[in-house]
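Visitor: Submitted below is the structure of interest, expressed as structure tokens.
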Amino acid sequence: GYYYYTQDNAKKAAESWGGTWKFPTEVQWQKLIKKCNWTWQDSYPYKGKNVPGVLVEGKEENGEEGNSIFLPAAGIYLDNYREVYYQGYYGFYWSTVLGSCLLFDDGFRDMNNYDPDFGMAVRPVSD
């Protein structure tokens, strides 16, 4: 039930969303990493299913209390193996910087670099 994009395909998809929709910059991911509470969910209701991932919630002291986003641990698609790996354990989400992505699991979250031809999730944002 997930879509996986190479980084180039993610950019092309973003162009088709219209309006102010785009995929996050590295700076936007870093803001979530540093200024929000991250809580691992073993089973979170998402698109009619219960899936693992993280609930990212804004902190009151940053003026973001009440704002939240759920990021499924969708894993990563490796085309050379034609298989999805780490689904349910890790989340990989592209940023706009070549090869740069958000990587998280149950106790880790940070920016990392991967081959832009790997398939990762995209989480659109809007201004």
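Numbering (the numbering used here), first residue to last: 2 to 128.
For glycine and all other residues, C-beta sits at the position ideal for the given N, C-alpha and C.
Give me, in chain order, the residues of the same chain whose beta-carbon lies closer than 6 Å to that of residue 70; leave out the 5 immediate sequence neighbours on both sides.
Guide: If we look at residue 70 and ignore the five residues flanking it on each side, its Cβ neighbours are 57.
Visitor: Can you look up residue 33 in the DSSP assignment and give me helix, strand or coil?
Guide: Correct three-state label for residue 33: helix.
Visitor: For the candidate residues 125, 96 and 124, whose alpha-carbon lies nearest to that of residue 117?
Guide: The option with the nearest alpha carbon to residue 117 is 96.
Visitor: Using the three-state DSSP reduction, which class does residue 61 fall into: helix, strand or coil?
Guide: The answer is helix: DSSP assigns residue 61 an H, G or I state.
Visitor: Can you give me the C-alpha to C-alpha distance between residue 37 and residue 3, rounded to a whole angstrom?
Guide: If I take the Cα positions, the gap works out to 25 Å.
Visitor: Does the Cβ-Cβ distance between residue 90 and residue 80 come in under 8 Å?
Guide: No. Outside cutoff.
Visitor: Do the CB positions of residue 112 and residue 30 come within less than 8 Å of each other?
Guide: Against a cut-off of 8 Å, the Cβ pair of residue 30 and residue 112 comes out as a contact.
Visitor: Restricting to Cα atoms, I'd like to know which of 127, 128, 120 and 126 is closest to residue 10.
Guide: Measuring from the Cα of residue 10, the nearest candidate turns out to be 120.
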